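Written below as structure tokens is the structure these notes are about.
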Amino acid sequence: MSKPTQEHRSLALATPLGKDALAIERISGNESLSAPFEYRVTAVATKDGFSFDDLIGQRVTVTLEMEEGGERYFNGNVSQVVHTGYAISGLSRYELTVVPWIWFLSKTADCRIFQDKSVPEIVKQVFSDLGFNDHEFRLTGSYKPRVYCVQYRETDLNFVQRLLEHEGIYYFAEHSSSGHKLVFCDAMSGHKPVPGFESLLYRAHSSGLRDHSRIHSWYVRQCVTPGAFAVNSFNFETPVPSPSTKLLGLSMQHHRHRLGDYEVYDNPGDFIDRPEGERYAKIRREEAQVSSKTITATTDARGLFVGCIFGVKENPRQDQNGQYLITSASFQAQCGNYSAGAGTGEDTYECSFSGIPKASVFRPGRTAYVPVVQGPQTAMVVGPSGEELHTDKYGRVKVQFFWDRYGKFDAGSSCWVRVAQIWAGKGWGGITIPRIGQEVIVEFLEGNPDRPIITGRVYNADAMPPYELPGNATRSTLKTNSSKGGGGFNEIRIEDKKGSEQIFIHAEKNRDLRVKKDNLEFIGENEHIIVKKDRFEEVEGDVHLKVGGEQNEDVSESLSTKAGQNIFQKAGMRLAQ
């Protein structure tokens, strides 16, 4: 039996195992915009004994001969190898699963924070960190940096796709004999026509003709989709919006058919200004309207692929002739099997695909999982080295989450995070700024890891309560620490221990008490006032002193009394000088 060879066959498989080490019989695959492709390659081994490790993760290329001349390539990385049995010839048969490099992002997950980067910049960094650079960004839109963006307990693939889908960016693959690259785009201008397929003939099976490189079946579908999309958001820096700062974003494109003007409203919209809100509303509307008019077709044209633009002509309905973008496809190609050492069987290629008119706009569906923080977390307040307090005009602080393995416990560890206070009014209320090194409780608005808010503080083994517990459990206190450096404190303490009840006030330096009207003090027993230096009292009206017993004054030096008019002294019995 002669050794199988792939020469003079319409399909050929190149692998790191060497020429014709695996001889291809069949390839099938599925492709979609904004999703990793998957090819399944059936091949026989000309010799056994190779290690699966020599294929897993490696790049392979399938070459398909075009009937019009030239070649088409299917390149990717092997994600799976299966020994499926033996051919009639006795050769071992294998099935290889081939995927794009972006698929491998589904095998790594992380928790990390990105700051002041746009979505394209974040995506490129994720790719670069994993060593992938085979990509091209053909973007027409402008993408603002995100102040704070969190990847939270999700695969790199989910994180990347989630961000891209939110911005309306999608991708497809372009193949060559040596590799494949992913093209990221946000408009029809990112796609190119396929040379030789600018205008394909439509020939239905019922015509009795089955020419090559033709459209053989053609279905057009039109359905109801929303005609408008509105998104809303809240920006705490403009909490009472005026007509010019109102954050409602609206985008409308009503359909010409009846009942085509219904609106979808959503909140929150994840934006802080109206132009950005209108941009997101437009993206969401375009996403919803992708399915308003679609086509499904079958062909044996070997050069069509997802992401390409092609044309159709000679459709009996003239309004369906024109240019289209292929959005998804399934295909299979085979060149016979190796039943007796040589390839036998007919060469075939079949493809079914879906698309949209070129005049339409494609936006990816939001299929990626959006992570939700299931409950409160704790974090450490951080700031610049050598500082004890780090805040802004809103009383916000920065934190380091304990799951963040990339943060350096400094001012760059997070965005500014708002802090819940006991009262918050216009220039009045209560405020205590969490200090660097304190552990705080962080919650997330609607569970969104991008929207943290501090709702409390907790002690830990490194920062213990001001009084030893449980021995002083009856004490409630508000005790501060002088900054910088410590060594002093202010305190208001309440002791509720039975028989020892007390309110204790300590001022490290000054205590100022201001009463705009009456000040009433009632003391059930004794009052002691100790003044280490001087005491000054000024009364603009009268002073009335009533002593029920004796009044004793002991002056070590001089006693001076001065009256602007009279001095009266009166004794019930004796006045002694």
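Take any residue in the sequence shown, count from 1 to its spot, add 2: that is its number in this note's numbering. Just so it is clear, CB atoms sit at the ideal spot from N, CA and C, and this is done for glycine as well. Bear in mind the structure is a predicted one, so any value in this text is a computation, not a measurement.
query: Can you round the beta-carbon distance between V43 and L98 to whole angstroms, since I take them to be within the 8 Å contact cut?
result: Taking the sequence shown and counting its residues from 1, one reaches residue 43 at position 41. Taking the sequence shown and counting its residues from 1, one reaches residue 98 at position 96. Correct: roughly 4 Å between the Cβ atoms.
Three CB pairs or more closer than 8 Å across the stretch 413-428 and the stretch 122-131: With the cut-off at 8 Å, the stretch 413-428 and the stretch 122-131 do not touch.
- request: Output the distance between the C-alpha atoms of S583 and G313, rounded to the nearest integer angstrom.
  value: In the structure displayed, the chain extends from 3 to 579; residue 583 sits before or after that span and is not available.
- request: Tell me whether W220 sits in a helix, a strand or coil according to DSSP, three-state version.
  value: As a first step, residue 220 must be located in the sequence shown, where it is residue number 218. Strand, per DSSP.
query: Taking just the CA atoms, how far does N237 sit from A14?
result: Indexing the sequence shown from 1 puts residue 14 at position 12. Indexing the sequence shown from 1 puts residue 237 at position 235. Rounded to the nearest whole angstrom, the CA to CA distance from A14 to N237 is 58 Å.
task: Would you list the one or two residues that DSSP bridges to F506?
output: Here residue 506 is taken as the residue at index 504 of the sequence shown, counted from 1. Paired residue(s): R495.
task: Apply the 10 Å Cβ neighbour rule to I358 and answer buried if 16 or more other Cβ atoms are within range, or exposed otherwise.
output: For this step, residue 358 is matched to residue 356 along the sequence shown. Buried, because 16 or more other Cβ atoms sit within 10 Å of the Cβ of I358.
Cβ-based burial, S560 [other Cβ within 10 Å; buried from 16]: Position 558 of the sequence shown, counted from the first residue, corresponds to residue 560. Exposed, since its Cβ has fewer than 16 Cβ neighbours within 10 Å.
- prompt: Could you give the distance in angstroms between the alpha-carbon of A578 and the alpha-carbon of G550?
  reply: In the sequence shown, counting from the first residue as 1, residue 578 sits at position 576. In the sequence shown, counting from the first residue as 1, residue 550 sits at position 548. Rounded to the nearest whole angstrom, the CA to CA distance from A578 to G550 is 20 Å.
query: Taking DSSP as the reference, what is the three-state secondary structure of F238?
result: Working through the sequence shown from its first residue, we reach residue 238 at position 236. In the structure shown, F238 sits in coil (DSSP, three-state: anything other than H, G, I, E or B).
- prompt: Looking at the unbroken beta strand (DSSP E) that takes in K5, where does it start and where does it end?
  reply: Residue numbering aside, residue 5 sits at position 3 when the sequence shown is read from its first letter. It is not in any beta strand (DSSP E) - K5 carries neither H nor E in the DSSP assignment.
query: Does DSSP classify W430 as helix, strand or coil?
result: To locate residue 430, count along the sequence shown from 1; it is residue 428. In the structure shown, W430 sits in coil (DSSP, three-state: anything other than H, G, I, E or B).
task: With distances taken Cα to Cα, identify the nearest neighbour of S120 among A475, Y145 and D131.
output: Residue 120 sits at position 118 when you count from the first residue of the sequence shown. In terms of Cα proximity to S120, the closest of A475, Y145 and D131 is Y145.
query: Which term fits R276, buried or exposed, when burial requires 16 or more other beta carbons within 10 angstroms of its beta carbon?
result: Here residue 276 corresponds to residue number 274 of the sequence shown, with the count starting at 1. Per the 10 Å Cβ criterion, buried.
- prompt: Can you name, in chain order, every residue of its own chain whose Cβ lies under 6 Å from the Cβ of L252, other than the five neighbours on each side?
  reply: Locating residue 252 in the sequence shown gives position 250, where the first residue counts as 1. Same-chain partners within the cutoff: A232 and A283.
- request: Assign Q163 to one of three DSSP states: helix, strand, or coil.
  value: Along the sequence shown, one-based indexing puts residue 163 at 161. In this structure, Q163 counts as helix in the three-state DSSP scheme.
Minimum C-alpha distance to G490 - residue among N512, E352, Q334 and S478: Within the sequence shown, residue 490 is the residue found at index 488, counting from 1. When only C-alpha atoms are compared, the closest one is N512.
field: chain D within 8 Å of Y469, Cβ atoms only
entry: Going by chain labels, chain D is absent from the structure shown, which holds only one protein chain.
- prompt: Taking the beta strand (DSSP E) that E156 falls in, what are its first and last residues?
  reply: As a position in the sequence shown, residue 156 is number 154, starting the count at 1. Per DSSP, E156 belongs to the beta strand (DSSP E) from C151 to T157.
query: Which residue spans inside the stretch 253-323 form an unbroken beta strand (DSSP E) run of at least 3?
result: As summarised for the stretch 253-323, the continuous beta strand (DSSP E) elements at least 3 residues long and confined to that stretch are 265-268, 295-301 and 311-315, given in chain order.
- prompt: Thinking C-beta only, is F403 closer than 8 Å to Y172?
  reply: By 1-based counting over the sequence shown, the position of residue 172 is 170. By 1-based counting over the sequence shown, the position of residue 403 is 401. No, the pair does not count as a contact, with Cβ atoms beyond the cut-off.
- prompt: Nearest to E580 by CA position, among P270, T301 and D188, is which residue?
  reply: One cannot answer for residue 580 here, as it falls past the ends of the chain, which runs 3 to 579.
query: So who's on the other strand from F355, going by DSSP bridges?
result: Against the sequence shown, residue 355 aligns to sequence position 353. Residue pairing by DSSP places F355 opposite A299 and A331 in a beta bridge.
- prompt: CB R287 to CB P366, shorter than 8 Å?
  reply: By one-based count along the sequence shown, residue 287 stands at place 285. By one-based count along the sequence shown, residue 366 stands at place 364. No.
message: What does the alpha-carbon distance come out to for the pair S362 and T329?
response: Sequence index remark: in the sequence shown, residue 362 carries index 360 (1-based). Sequence index remark: in the sequence shown, residue 329 carries index 327 (1-based). Each residue's alpha carbon lies about 12 Å from the other.
- prompt: In whole angstroms, what separates the C-alpha of F446 from that of G59?
  reply: Stepping through the sequence shown from its first residue, residue 446 is reached at position 444. Stepping through the sequence shown from its first residue, residue 59 is reached at position 57. Approximately 39 Å, taken between the alpha carbons.
query: If you draw a straight line from the C-alpha of D452 to the C-alpha of R437, how long is it?
result: Along the sequence shown, one-based indexing puts residue 452 at 450. Along the sequence shown, one-based indexing puts residue 437 at 435. In this structure, the alpha-carbon of D452 lies about 22 Å from that of R437.
- request: Have a look at the DSSP bridge pairing and note the partners of M575.
  value: As a first step, residue 575 is located in the sequence shown; it is residue number 573 there, counting from the start. Beta-bridge pairing links M575 to no other residue.
- prompt: What number of angstroms, rounded off, separates the C-alpha of S179 from the C-alpha of V162?
  reply: Along the sequence shown, one-based indexing puts residue 179 at 177. Along the sequence shown, one-based indexing puts residue 162 at 160. If I take the Cα positions, the gap works out to 27 Å.
task: Return the CA-CA distance between G271 and Q376, expressed in angstroms with no decimal places.
output: Residue numbering aside, residue 271 sits at position 269 when the sequence shown is read from its first letter. Residue numbering aside, residue 376 sits at position 374 when the sequence shown is read from its first letter. Roughly 20 Å separates the two Cα atoms.
field: Whether E441 touches N462 by CB criterion (8 Å)
entry: Along the sequence shown, one-based indexing puts residue 441 at 439. Along the sequence shown, one-based indexing puts residue 462 at 460. With respect to the 8 Å criterion, E441 and N462 are classified as neighbours on the basis of their beta carbons.
message: Under DSSP, the beta strand (DSSP E) around Q127 begins and ends at which residues?
response: For this step, residue 127 is matched to residue 125 along the sequence shown. Run containing Q127: none in the beta strand (DSSP E); it sits in the alpha helix (DSSP H), V121 to D131.
- prompt: Going by Cα to Cα distance, which pick from P454, G388, T457 and V222 is closest to Q320?
  reply: Walking along the sequence shown from the start, residue 320 turns up at place 318. Nearest neighbour of Q320 by Cα position, chosen from P454, G388, T457 and V222, turns out to be V222.
- request: Name, in chain order, the residues that DSSP records as bridge partners for S416.
  value: Residue 416 sits at position 414 when you count from the first residue of the sequence shown. Answer by DSSP bridge pairing: none, since S416 is not bridged.
- prompt: If you draw a straight line from the alpha carbon of G385 to that of P241, how long is it in whole angstroms?
  reply: Taking the sequence shown and counting its residues from 1, the one referred to as residue 385 is at position 383. Taking the sequence shown and counting its residues from 1, the one referred to as residue 241 is at position 239. Rounded to the nearest angstrom, the two C-alpha atoms are 27 Å apart.
- request: Could you please give me the residues that DSSP links to F446 through a beta bridge?
  value: Counted from its first residue, the sequence shown places residue 446 at position 444. Per DSSP, P454.
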